[in-house]
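Colleague: Numbered continuously in this note's numbering, the sequence shown closes out at residue 1569. From the three backbone atoms N, C-alpha and C, an ideal C-beta is built for every residue, glycine too. Keep in mind the model is a prediction, meaning the values are calculated, not measured. Structure below; questions to follow.
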Amino acid sequence: MAEDGTMSPFVFQWPVMLLFLIPVAALAVLLKRARFKRAVLIEKLGGGKRTQDQARDWIRIAACILLVLALARPGYDPERRSVSQSGRDVVFAIDVSQSMLAPDAQPSRLEASKQGVRDALDRLSTERVGLVIYAGSATILCPLTYDYGFVRYMLEQANPRAVDFGGTTLLSAVQKSVDNLFTEERKGMQDMIVLTDGEDHGPDMERVSQLLKDNDVDLLLVGLGDASVGSRIPIVDESGAKTYLKHDGQVVYTKLQDASLRSLAGLVPEASYVAPGIIPFHLGDIYLEYVAGKPVSGAVGAETYVVYKEGGLFLVAIGLILLLAGDYMGRRYLSVIAITWILAMSPQEGMAQTLEEAFTAAREMQMEGNFGEALEAYAELELNFDHRLSPEKSAAIRFNQALCNLTHAGAIVQESPETALALARQAQIGFLEAKRFSPGFDRAGMRLDATADLIADYTELARQRREQQQAIEEEIQALIERLERLRDDQSGLHEQVRTTDPHADPARRRNSNLPPVQPPAGAEEESRKFTDSQNDLLEEGRSIQRSMRVLDAMLSPPVPKGESPIESLMAEPMRLMEKAVEAQERAVPMLGMWGTWLAARPRQLDAVARIQEILDLLAGDNTGESDDEDWGDYEEDWDMEEYDDSEMGNPSSMMMQGDLAAGSEMQPLPIPNYSAEELLMEEQGNLQFRQEQRAKAQAGKVEKDW
864 MAEDGTMSPF VFQWPVMLLF LIPVAALAVL LKRARFKRAV LIEKLGGGKR
914 TQDQARDWIR IAACILLVLA LARPGYDPER RSVSQSGRDV VFAIDVSQSM
964 LAPDAQPSRL EASKQGVRDA LDRLSTERVG LVIYAGSATI LCPLTYDYGF
1014 VRYMLEQANP RAVDFGGTTL LSAVQKSVDN LFTEERKGMQ DMIVLTDGED
1064 HGPDMERVSQ LLKDNDVDLL LVGLGDASVG SRIPIVDESG AKTYLKHDGQ
1114 VVYTKLQDAS LRSLAGLVPE ASYVAPGIIP FHLGDIYLEY VAGKPVSGAV
1164 GAETYVVYKE GGLFLVAIGL ILLLAGDYMG RRYLSVIAIT WILAMSPQEG
1214 MAQTLEEAFT AAREMQMEGN FGEALEAYAE LELNFDHRLS PEKSAAIRFN
1264 QALCNLTHAG AIVQESPETA LALARQAQIG FLEAKRFSPG FDRAGMRLDA
1314 TADLIADYTE LARQRREQQQ AIEEEIQALI ERLERLRDDQ SGLHEQVRTT
1364 DPHADPARRR NSNLPPVQPP AGAEEESRKF TDSQNDLLEE GRSIQRSMRV
1414 LDAMLSPPVP KGESPIESLM AEPMRLMEKA VEAQERAVPM LGMWGTWLAA
1464 RPRQLDAVAR IQEILDLLAG DNTGESDDED WGDYEEDWDM EEYDDSEMGN
1514 PSSMMMQGDL AAGSEMQPLP IPNYSAEELL MEEQGNLQFR QEQRAKAQAG
1564 KVEKDW
């Protein structure tokens, strides 16, 4: 670059390489000396003077000089590019709640807001601009960028369908901007322009003001709508018929909430409120007046760099040709000629061919349904050929990546709607980026509307799946409570039988010489009572069995065609419950006569043990501390000669520990086959769900959902 700041038309980008000219000069001296000695020797031998030796040496020297110049990277045709631009960071936050569809500001409050942003973009030049839309939740349509064309394109996507919840929660937009757009190092040079009618912004205005204060963000509020006369909110259905929004059977009328917006502006330092209402306005002029005198990041063009076209390749080609010219008669240089041709011609054609082959290979993976591999191939293609990709080729890559994600989402939506939702959102971003690279790429634009509909469908499916999962959890909790009651009741009945049975006296078990046991008073009445109680517990056990079958059906995944069904996690608890009911059934007739009470008691304990085992699996009881406390008093029941241990199994191994997941170790499970990308998508889906839940909680505080 010249001293006056102008760009030089020609430079050496690695001038230090010019030091290699010194060895070339030394080589020229050595060649001259060798040529002199060779001439003296030839003269002594009686030969003539060979002028071609001198010409060949000069050709070689010239070739070496050209190669050194090529190493110095000569550059021509300079182009200045900006590293960063000056100006402030501006985030436009547009209220897209249904009240913004009111037509009092022509053609509607929302369209007037969009036009205001367009006018502002026409006046801005060095500011970074971002775009956020909000209603009950907020969505970032465009991060901070200097690409105003892309901002204008994304502005067209701003509509009430683009957010997850109704209402008007400004806090969600401020939180989203503070967390994802504004940065610590840009404090004092960040502005947020909110275009809204102020309709029911929620109860968190103090929190909004505090967030803006903490992050040193200036606020410009623009109020739209008629503050005195209410306007109806038109709703157009799929058939094109227009109706008006109703609430509790009454047509809703919405006004500009001028007082609440003025109140919010009063809470934020450096805030300003303008209310064009229903009058046309120029947001660019309003903003430039608002920021007049405020600091910016630096002077225009303060951080730039110059890019030169490379000229070294041509010098290399010429230098190699000169080397060959010096020895044109030698066949050993034919290989050098071939190498020269490759170096001169293949960088362009070979690279282009490799690019096309890589793109074709990725497309084949995509068509075969190997979406993960195809996405990796497209990513590698972008990484390896980034400097050679045209905007059209970049758009094609992003478009096909989006198709991969969209097709993959459709394939797994029934199994995992939340993962499918995350993939569909990735696809939407891909189509938008394709449209950004190539504005004339109509196929990408056509896909955006269909993808938005899919995202809405997948969001509903994900919501249904979450509700289903919640219902399953509630069913499991209700099942646990019923099992606990059955366990306690069965254990209580066992205790009544034990304390009433004369055989329960441990002394009789140690002394066989005692007289025969006599029936207790009222044995017949007690037997009838015990039998009725055990029958009631048996019916409850069978009812729990039926509930477990219903829950098993809810937990059983759909079986792909041609594959064997996989046991659900309720399979083992169901087997245990079947044994518990069987033990209860065997205890019923034994309780009918006092003489067989002794044999009934181990069956009762068997039922209690099986129920406890189910509870351990379902409730995750890993303490293992309750076994001795629960069963220590009943050791004689387990050791009775009248009871056949083989029917019950080993009690020590029966009281299993662990949770429902531990119980699944006994079941054949599919081998995990998740790629890193699928795991990332799953995590993105989880993150999106958490963000939606937070937005939903905020939206719940807003009484009006328009």
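1. Does the distance from the CB of L1454 to the CB of I1407 come in under 8 Å?
2. Among W921, S988 and V874, which has the Cα closest to the Cα of A888?
3. Tell me the DSSP bridge mates of L1113?
4. In the structure shown, what three-state DSSP assignment does I1292 receive?
5. Over what stretch of residues does the beta strand (DSSP E) that includes M1055 continue unbroken?
6. Check each candidate in S971, T1008 and G999 and name the one with the smallest Cα separation from S988.
7. Go ahead and pull the three-state DSSP assignment for P965.
8. Helix, strand or coil for F875 per DSSP?
9. Count the CB pairs spanning the region 1168 to 1186 and the region 1113 to 1123 that are closer than 8 Å, and state whether there are at least three.
10. Between Q1264 and V959, what straight-line distance do the alpha-carbon atoms span, to the nearest angstrom?
11. Applying the 10 Å Cβ sphere with the 16-neighbour rule, what's the burial state of L1186?
12. Which first and last residues belong to the alpha helix (DSSP H) in which S1135 is found?
13. Out of curiosity, what's the CA-to-CA distance linking V874 and F1177?
14. Using the Cα positions of L1324 and L1238, report the straight-line distance between them to the nearest angstrom.
15. At what residues does the beta strand (DSSP E) containing R1024 begin and finish?
16. Using the rule of at least 16 other Cβ atoms within 10 Å of the residue's Cβ for burial, across every protein chain shown, is L1197 buried or exposed?
17. Nearest CA to the CA of L1083: which residue from V1154, E1048, S1123 and G999?
18. Mark W1457 as exposed unless 16 or more other C-beta atoms lie within 10 angstroms of its C-beta, in which case mark it buried.
19. Leaving aside the five residues before and after G1308 along the sequence, list all residues of the same chain whose C-beta is less than 7 Å from its C-beta, in chain order.
20. Taking DSSP as the reference, what is the three-state secondary structure of L1302?
21. Can you say whether W877 is buried or exposed, counting buried as having 16 or more other CB atoms within 10 angstroms of its CB?
22. Specify the secondary structure class of E1062 as computed by DSSP and reduced to three states.
23. When the Cα atoms are used, what is the spatial distance from V1471 to S1431?
24. Under three-state DSSP, which class holds G1086?
25. For V995, which beta-bridge partners are listed by DSSP?
26. Beta-carbon within less than 6 Å of E1403's beta-carbon, same chain only, minus the 5 sequence neighbours each way: which residues are those?
27. Considering only their Cβ atoms, is the gap separating L1481 from V1444 smaller than 8 Å?
28. When burial is assigned at 16 or more other CB atoms within 10 Å of the CB, is R1409 buried or exposed?
29. For G938, collect the residues of the same chain with a Cβ closer than 6 Å to its Cβ; drop the 5 residues on either side in sequence, then sort them by chain order.
30. Confirm, please, whether the CB-CB distance from D1079 to Q1038 is below 8 Å.
31. Using a threshold of 8 Å, state whether the C-beta atoms of M880 and L930 are closer than that.
32. Check each candidate in F1013, A1416, M1440 and R1464 and name the one with the smallest Cα separation from Q1397.
33. Tell me whether K1442 is buried or exposed, calling it buried when 16 or more other Cβ atoms sit within 10 Å of its Cβ.
34. Out of V1071, R1226 and D1100, point me to the one whose CA is closest to Y1241's CA.
35. Determine the contact status of M1228 and I1335, defining contact as a CB-CB distance below 8 Å.
36. On the DSSP bridge list, what partners appear for K1172?
Modeller: Answer, in terms of the structure:
1. One-based indexing of the sequence shown puts residue 1454 at position 591. One-based indexing of the sequence shown puts residue 1407 at position 544. No Cβ-Cβ contact shorter than 8 Å links L1454 with I1407.
2. For the purposes of this step, residue 888 is taken as the residue at position 25 of the sequence shown. Of the candidates W921, S988 and V874, W921 places its Cα closest to the Cα of A888.
3. Looking up residue 1113 in the sequence shown gives position 250. In the sequence on display, residue 1113 carries Gln and not Leu. According to the DSSP secondary-structure assignment, Q1113 is paired through a beta bridge with H1110.
4. Position 429 of the sequence shown holds residue 1292. Of the three classes helix, strand and coil, the one that applies to I1292 here is helix, per DSSP.
5. If you number the sequence shown from 1, residue 1055 lands on position 192. Counting along the chain, the beta strand (DSSP E) containing M1055 begins and ends at Q1053 to T1059.
6. By one-based count along the sequence shown, residue 988 stands at place 125. Checking every option, the nearest Cα to that of S988 belongs to T1008.
7. The count along the sequence shown starts at 1 and reaches residue 965 at position 102. Checking the displayed sequence, the identity of residue 965 turns out to be Ala instead of Pro. Correct three-state label for A965: coil.
8. In the sequence shown, the residue the question calls residue 875 occupies position 12. Three-state result, F875: strand.
9. Judged by Cβ distances under 8 Å, the region 1168 to 1186 makes no contact with the region 1113 to 1123, as fewer than three pairs qualify.
10. The residue given as residue 1264 occupies position 401 in the sequence shown. The residue given as residue 959 occupies position 96 in the sequence shown. Here the C-alpha atom of Q1264 lies approximately 30 Å from the C-alpha atom of V959.
11. Residue 1186 sits at position 323 when you count from the first residue of the sequence shown. With 16 or more other Cβ atoms within 10 Å, it is buried.
12. Taking the first residue of the sequence shown as position 1, residue 1135 is located at position 272. In the DSSP assignment, S1135 falls outside any alpha helix (DSSP H) and within the unbroken beta strand (DSSP E) covering S1135 to G1140.
13. As a position in the sequence shown, residue 874 is number 11, starting the count at 1. As a position in the sequence shown, residue 1177 is number 314, starting the count at 1. Straight-line spacing of the CA atoms in V874 and F1177 works out to 15 Å.
14. Position 461 of the sequence shown holds residue 1324. Position 375 of the sequence shown holds residue 1238. C-alpha separation (whole angstroms): 25 Å.
15. If you number the sequence shown from 1, residue 1024 lands on position 161. Careful: R1024 lies outside any beta strand (DSSP E) and carries neither H nor E.
16. Within the sequence shown, residue 1197 is the residue found at index 334, counting from 1. Only weak support exists for where L1197 lies, its pLDDT of 43 falling under 50; the coordinates are left without a value.
17. Within the sequence shown, residue 1083 is the residue found at index 220, counting from 1. Nearest in C-alpha terms to L1083, of all of V1154, E1048, S1123 and G999, is V1154.
18. In the sequence shown, counting from the first residue as 1, residue 1457 sits at position 594. Of the other Cβ atoms in all chains shown, 16 or more fall within 10 Å of the Cβ of W1457; this residue is therefore buried.
19. For the purposes of this step, residue 1308 is identified with residue 445 of the sequence shown, where counting begins at 1. Contacts found: K1298.
20. Along the sequence shown, one-based indexing puts residue 1302 at 439. Just to set this straight, residue 1302 is Pro in the shown sequence, not Leu. Coil at P1302, not helix or strand.
21. For this step, residue 877 is matched to residue 14 along the sequence shown. Result: exposed.
22. Locating residue 1062 in the sequence shown gives position 199, where the first residue counts as 1. Reduced to three states, the DSSP call for E1062 is coil.
23. For the purposes of this step, residue 1471 is identified with residue 608 of the sequence shown, where counting begins at 1. For the purposes of this step, residue 1431 is identified with residue 568 of the sequence shown, where counting begins at 1. The alpha-carbon atoms of V1471 and S1431 are separated by roughly 24 Å.
24. For the purposes of this step, residue 1086 is taken as the residue at position 223 of the sequence shown. DSSP, read as helix, strand or coil, puts G1086 in strand.
25. As a working mapping, residue 995 is identified with position 132 in the sequence shown. Beta bridge pairing from DSSP links V995 with A956 and I1003.
26. Locating residue 1403 in the sequence shown gives position 540, where the first residue counts as 1. Closer than 6 Å at the Cβ level, and outside the excluded window around E1403, lie L1349.
27. Working through the sequence shown from its first residue, we reach residue 1444 at position 581. Working through the sequence shown from its first residue, we reach residue 1481 at position 618. Not in contact: V1444 and L1481 (Cβ atoms no closer than 8 Å).
28. Reading the sequence shown from its first residue, position 546 is the one you call residue 1409. R1409 is classed as exposed because its beta carbon has fewer than 16 other beta carbons within 10 Å across all chains shown.
29. As a working mapping, residue 938 is identified with position 75 in the sequence shown. Only V874, Q876 and Y1171 meet the Cβ criterion.
30. Start at 1 with the first residue of the sequence shown, and residue 1038 comes out as number 175. Start at 1 with the first residue of the sequence shown, and residue 1079 comes out as number 216. By the CB criterion at 8 Å, Q1038 and D1079 fall outside the cutoff.
31. Residue numbering aside, residue 880 sits at position 17 when the sequence shown is read from its first letter. Residue numbering aside, residue 930 sits at position 67 when the sequence shown is read from its first letter. Cβ distance not < 8 Å, so M880 and L930 don't count as in contact.
32. For the purposes of this step, residue 1397 is taken as the residue at position 534 of the sequence shown. Closest option to Q1397, judged by alpha-carbon separation, among F1013, A1416, M1440 and R1464: R1464.
33. Here the question's residue 1442 lines up with position 579 in the sequence shown. By the C-beta density criterion, K1442 is buried, having at least 16 other C-beta atoms within 10 angstroms.
34. Position 378 of the sequence shown, counted from the first residue, corresponds to residue 1241. Out of V1071, R1226 and D1100, the CA that lies nearest to the CA of Y1241 is found in R1226.
35. For the purposes of this step, residue 1228 is identified with residue 365 of the sequence shown, where counting begins at 1. For the purposes of this step, residue 1335 is identified with residue 472 of the sequence shown, where counting begins at 1. Going by C-beta atoms, M1228 is not nearer than 8 Å to I1335.
36. Indexing the sequence shown from 1 puts residue 1172 at position 309. K1172 pairs with Y939.
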